[in-house]
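Working notes, beginning with the structure itself.
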Amino acid sequence: MTETSRVNIGKQHPAAYKALIALSSQVEETAAAAGLDLLLVELLKIRTSQINGCAFCLRMHTRDALKKGENPDRIAVLPGWEETGYFSETDRAALRLTEAITRVPDGHVSDEHYNSAAAVLTADQVSAIAWLATVMNAFNRVAITSRYPVGN
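Per the working numbering, the sequence shown starts with residue 63, numbered consecutively.
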């Protein structure tokens, strides 16, 4: 059984990939302007990538988070964040909303999840988190579809 070579869709259509990178940069600026902590932003990227099973993005954003000073324990327990004392109320609201957006096929973003986030976060933060999740989900799909190599 031979595996077919995958097209790297970012290289195949570089203008589209550059537009995604530009959108990502704008979203990063939006998150900072909304007052979201830089480390939280990295954790949201990691959590999205965990849910989607994107090894390439997991490796990249874990490394980025560690370089920026994230506590390795917070990264280690991220899949079980609800069971730990490592995360603030803001972190929890952001993680809950990010998970709901990433898991849209499981029932959309429920009023319960949205209202829970909106009770803690500002409108700018809710919007920035939604954009972060949207962009990260797009990057995960690019890397997974193209089978970006990890550990080769």
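We put the beta carbon where it would ideally sit given N, CA and C, even for glycine.
**Request:** Spatial neighbours of Met198 within its chain, please: CB distance less than 6 Å, with the 5 preceding and 5 following residues excluded, ordered by chain position.
**Result:** Lys107 and Thr110
**Prompt:** From Val166 to Gly213, what does the alpha carbon distance come to, in whole angstroms?
**Reply:** 30 Å
**Request:** Identify every run of the alpha helix (DSSP H) within the stretch 133-209, keeping only runs that are complete inside it and at least 4 residues long; order them along the chain.
**Result:** 134-138, 151-164, 173-180 and 185-208
**Prompt:** Grouping DSSP H, G and I as helix and E and B as strand, with all else coil, what is His123?
**Reply:** helix
**Nearest-angstrom Cα separation, counted from Pro76 out to Ala117** = 22 Å
**Prompt:** Helix or strand or just coil, what does DSSP make of Thr110?
**Reply:** helix
**Request:** Inspect the beta-carbon positions of Ala200 and Thr164 and report whether they are closer than 9 Å.
**Result:** no
**Prompt:** With burial defined as no fewer than 16 other Cβ atoms inside 10 Å of the residue's Cβ, what is the status of Arg158: buried or exposed?
**Reply:** buried
**Same chain, Cβ closer than 6 Å to Phe149, five either side skipped, listed in chain order** = Trp143
**Prompt:** Quick one: what's got a C-beta closer than 8 Å to Met63's C-beta in the same chain, skipping five residues either side?
**Reply:** Because the pLDDT at Met63 is just 45, under 50, the model does not fix this residue reliably, and the point stays unresolved.
**Prompt:** Grouping DSSP H, G and I as helix and E and B as strand, with all else coil, what is Ala77?
**Reply:** helix
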